[in-house]
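Student: For what it's worth, the numbering used here labels the leading residue of the sequence shown as 6, then goes sequentially. Note that the Cβ used here is the ideal one computed from N, Cα and C, for glycine as well. Here's a structure for you.
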Amino acid sequence: MTTIPQSIRSLFKSFPIATYPPVTSESGQAFHHRQFTLQPKSSQRNPDNDHFSLGVYGLFESSNGFILATDPECLFSQLQLCHRNDLKIPTISASCDSSDETSHKIMILSYQASKDSQLPILIENSESLGNGSRAKQSSNRTVRSSFALHELALSKITNRSTYLISHWADQVLYDIWTFTLLTELDASQLLNLYSSPTISPASPIVKTDQYYTSNAVSPIHTLVLKDLLVHLLSRYQFRSRYPTIAENFHNYLPNFVVIQGKPAALGSEIEKIFEDFISLLHHLQELGIGSQSILEDDEDKRIIELKIASYLICIKQFMQGTKVYAIVEEGYPELFTWCDLVLQDC
């Protein structure tokens, strides 16, 4: 008979034995409290059973009571879908019932749930009847990736000049957002924004510092953070545009990402990120975005407005005290007021 070596036996004994409670009905309910219904603005409901679910990293409750995505790209998809389909932005009372399977929804997912490890994703469900009186109903499911949603939004723009501005804004806004995430937010803030923590029925909303604090980041959370760091650097080709910045991020420490040294190439890339952001804000000001009526009839301009507002809402909510927040607050304070009006008018 084989004998287990004493060293292995001692190793096994060093791990504490954990007893987990049985799975209860609340476990299933917890999933539904990670979802919120996107209800139609009018009382007339769609006679078809077609519906979609938008998967996002996390959700938070804004000061005006709306349930919004914590990531600006996810928030843009949320606002655009609500606008395009004449749906209300959800509130805390719109938490999904377990029996509700036919409504449009927004829900929290892990980014690893998508094939390319990027969110948002859009899951579209459609039902149709075959030919004949006894035909059975069939269901089709289509999953649109983050890239597909991005391309779909751009495809709605008919004016060439507006298209180029929108494409430029996409890159500039994502670059400043990502750089700020990695250099000025601590580990607990990143976890709350992007890690999809376990949510109980009594507390369904991801809020900054609610689930993780700087003192509570455990070794297992550090592993999650390292994976998250790789994800954020690769998302939307940030690493390709700023290879020196990407290379200079190394071990994810409990409270901060450290940049090793500041060679000329690194300084040049950092300077470009902020110069492009200020240039974009100045150009938007010249276009009248942020100082005129909200969501005009021009659909091309409306897409840009929703994109800009999505980033400004997230910057205002999660990045107070950072350099990007100071740039907006000191140079373009009307934009923060304007993005709140966009929400009210959406």
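So who's on the other strand from ILE111, going by DSSP bridges?
Tutor: Sequence index remark: in the sequence shown, residue 111 carries index 106 (1-based). According to DSSP, which records beta bridges pairwise, ILE111 is partnered with PHE41 and LEU59.
Student: Spatial neighbours of GLY154 within its chain, please: C-beta separation below 7 Å, excluding the five flanking residues on both sides.
Tutor: Numbered from its first residue, the sequence shown carries residue 154 at position 149. According to the sequence displayed, residue 154 carries Leu and not Gly. Within the same chain, LEU154 has close Cβ partners SER82, PRO125 and LEU127.
Student: Cutting at 6 Å between CB atoms, please list the residues of its own chain near ASP55, excluding the five before and the five after it.
Tutor: On the sequence shown, position 50 is the one that residue 55 refers to. If we look at ASP55 and ignore the five residues flanking it on each side, its Cβ neighbours are SER131.
Student: Could I get the ranges of all uninterrupted alpha helix (DSSP H) runs contained in the stretch 304 to 344, with 4 residues as the minimum, in chain order?
Tutor: Whole alpha helix (DSSP H) segments, 4+ residues: 304 to 323 and 328 to 336.
Student: Name the DSSP beta bridge partners of ALA74, please?
Tutor: Indexing the sequence shown from 1 puts residue 74 at position 69. LEU64.
Student: Is the CB-CB distance between THR167 and PHE243 below 8 Å?
Tutor: Taking the sequence shown and counting its residues from 1, the one referred to as residue 167 is at position 162. Taking the sequence shown and counting its residues from 1, the one referred to as residue 243 is at position 238. It is not a contact, given that the beta carbons lie outside the stated cut-off.
Student: Can you give the beta carbon distance from ILE113 to ILE97, rounded, assuming they're within the 8 Å contact cut?
Tutor: Walking along the sequence shown from the start, residue 113 turns up at place 108. Walking along the sequence shown from the start, residue 97 turns up at place 92. So it is not a contact: roughly 14 Å between Cβ atoms.
Student: When you compare only the Cα positions, how much space is there between ILE94 and SER200?
Tutor: Here residue 94 refers to the residue found at position 89 of the sequence shown. Here residue 200 refers to the residue found at position 195 of the sequence shown. Roughly 23 Å between the two C-alpha positions.
Student: For a test of the three-state rule: what should DSSP assign to THR96, helix, strand or coil?
Tutor: The sequence position of residue 96 within the sequence shown is 91, counting from 1. Note: THR96 maps to strand in three-state DSSP.
Student: Taking DSSP as the reference, what is the three-state secondary structure of THR147?
Tutor: Here residue 147 corresponds to residue number 142 of the sequence shown, with the count starting at 1. Residue state, collapsed to three classes: strand.
Student: Taking DSSP as the reference, what is the three-state secondary structure of SER166?
Tutor: Taking the first residue of the sequence shown as position 1, residue 166 is located at position 161. It is helical.
Student: Starting from the C-beta of THR327, find all residues in its chain whose C-beta is less than 6 Å away, skip the five residues before and the five after it, and write them out in chain order.
Tutor: For the purposes of this step, residue 327 is taken as residue 322 along the sequence shown, with counting starting at 1. These residues qualify, in order along the chain: THR185 and GLU189.
Student: Could you round the C-beta distance between ASP175 and ILE278 to whole angstroms and report it? I think they count as a contact, below 8 Å.
Tutor: Here residue 175 refers to the residue found at position 170 of the sequence shown. Here residue 278 refers to the residue found at position 273 of the sequence shown. About 14 Å separates the beta carbons of ASP175 and ILE278, which is beyond the 8 Å limit, so they are not a contact pair.
Student: By DSSP, does ASN253 sit in helix, in strand, or in coil?
Tutor: Taking the first residue of the sequence shown as position 1, residue 253 is located at position 248. In the structure shown, ASN253 sits in a helix (DSSP, three-state: H, G or I).
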